[in-house]
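One structure is given here, and the rest of the page talks about it.
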Amino acid sequence: MLVGYSSSSSSSSSSSSASSPPASGDEDGSPAAQEAATQAGSPAALPAPSITAPRLPVPDSVLNMFRDQEEDTVVDDPSKHGGRVRTFAHERGNWATHIYVPYEAQEDFLDLLQVLHAHAQTHVASLTATAEFHISLSQSVILRHHWINPFVQSLKERLSSFHRFICRADQVKIYTNDAKTRTFVGLEVSSGHSQFLELVSEVDKVTEEFNLAPFYKNPSFHLSLAWCVGNLSEKLEGQCLQELQEIVDKFEDSSYLLRIHVADVRCKSGKKVFSFPLR
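Structure (structure tokens):
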């Protein structure tokens, strides 16, 4: 490829003509003078500097539009929640998610809980009574924000064919979490176990779609009644467990009281709760 370059004679000629004075009779500001100034690259030929318009403030309605898409930054402080330690670190954009069957406690159930809690505290004084009750159908897993809607939709489709049922939770049992950092007193499900297994089977299919951990093998479905920090299962099992079971068995109308109507499944992701009514 040949590239043409201007000759030295033409360059000097251009320089000479550009530096020559304007023709006689032309005054500064005339078209001829302006053209000569433009060729010479004088300041008069440069465009006027543009004035940048001030940036307008973003309306609050826009700033708040996506505020619910990610949880606020959280600094874990066990002293603010009874010494409990997170099983996984909080990370912005990650939503802790849990699937469960809710249980709305009636006054008689709370009376039973009060008796059980008081007796269990004679063995472990640090036990704290549970305020909300549920039966878990999944482990606590992590969802990215953009996974939540498809995850919930998949759950809705898989649970849509299930019918309501009744179970009974009347067997006292002691549990610890995987990390052995907390101990629980619970009531294990003694009837309705097969229906819960069917629900878990469908929930596991959804978590598998998102490469999340399935529920435990051979799960023990239960309502947690009280908890404490640390692994104190040895203090609660044996004699204490036997005494708690006797309280349950002798409590007035306990056989009716501990029947649970399973009418819906819920999914809690961060602060959002989704409900899936059963047929």
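With the first letter of the sequence shown counted as 1, position 8 gets the number -11 in this note's numbering; the numbers rise by one all the way through.
Even glycine gets a Cβ: it sits at the ideal position worked out from N, Cα and C.
Computed from a prediction, not measured in an experiment: that's the story for all the values here.
Endpoints, alpha helix (DSSP H) assigned at residue i
i: S135; result: I129 to L140
i: S236; result: S235 to L238
i: K231; result: Q220 to K231
i: K216; result: S214 to L217
C-alpha gap between residue i and residue j, whole angstroms
i: L91; j: N130; result: 35 Å
i: S171; j: H127; result: 38 Å
i: C209; j: T103; result: 13 Å
i: F191; j: F132; result: 8 Å
i: R73; j: G251; result: 11 Å
i: P258; j: S141; result: 8 Å
i: Q176; j: V243; result: 10 Å
i: Y237; j: H115; result: 18 Å
i: G135; j: L94; result: Here residue 135 is Ser; the residue named in the question, Gly, does not match the sequence. In a straight line, the C-alpha of S135 is about 36 Å away from that of L94.
i: G173; j: H203; result: 11 Å
i: V246; j: P195; result: 17 Å
i: R139; j: T188; result: 12 Å
i: D268; j: N75; result: Outside the displayed span of the chain (-18 to 260) sits residue 268, for which this structure offers no information.
i: F146; j: K137; result: 18 Å
i: I241; j: A101; result: 23 Å
i: P83; j: A112; result: 12 Å
i: D89; j: K186; result: 37 Å
i: N279; j: K253; result: The question about residue 279 has no answer, for the chain in this structure spans -18 to 260.
Span of the beta strand (DSSP E) around residue i
i: S201; result: Careful: S201 lies outside any beta strand (DSSP E) and carries neither H nor E.
i: P258; result: K253 to P258
i: R247; result: D245 to S250
Chain-order list of residues whose beta-carbon lies under 6 Å from that of residue i (same chain, five-residue window excluded)
i: L118; result: I80, Y81, L180, V181 and V184
i: S107; result: C209
i: F255; result: V133 and C248
i: R260; result: H144
i: T157; result: T164, N212 and S214
i: C221; result: H104
i: R149; result: S171, S172, L239 and R240
For residue j and residue i, believed in contact at Cβ under 8 Å, the rounded distance
i: L239; j: D159; result: 27 Å between Cβ atoms; not a contact.
i: T162; j: L124; result: Not quite, the Cβ-Cβ distance comes to about 23 Å (not below 8 Å), so this is no contact.
i: L193; j: V122; result: 4 Å
Beta carbon proximity, residue i to chain B, threshold 8 Å
i: R163; result: No chain B appears in the structure shown, which is made up of a single protein chain.
Contacts around residue i, its chain only, beta-carbon distance under 8 Å, and the 5 residues preceding and following it disregarded
i: L97; result: V153, V166, L206, A207, L225, I228 and V229
i: A110; result: L94, Q95, H98, L206 and A207
i: Y197; result: Q120
i: K231; result: none
i: H62; result: Residue placement at H62 cannot be trusted, given a pLDDT of 44 that sits under 50; the coordinates are not used to answer.
7 Å Cβ shell around residue i - same chain, five flanking residues per side excluded
i: S23; result: For S23, the pLDDT reaches just 47, beneath the cut-off of 50, and the residue's location in the model is therefore unreliable, although a value from the coordinates is still provided. Nothing meets the Cβ criterion.
i: S201; result: K154 and E169
i: K216; result: H104 and V105
i: A86; result: F114
i: E218; result: I155
Unbroken stretches of the beta strand (DSSP E), 3 residues or longer, contained in the stretch 110 to 192: 114 to 117, 122 to 125, 146 to 157 and 163 to 172
Continuous beta strand (DSSP E) assignments of at least 3 residues falling wholly in the stretch 81 to 110: none
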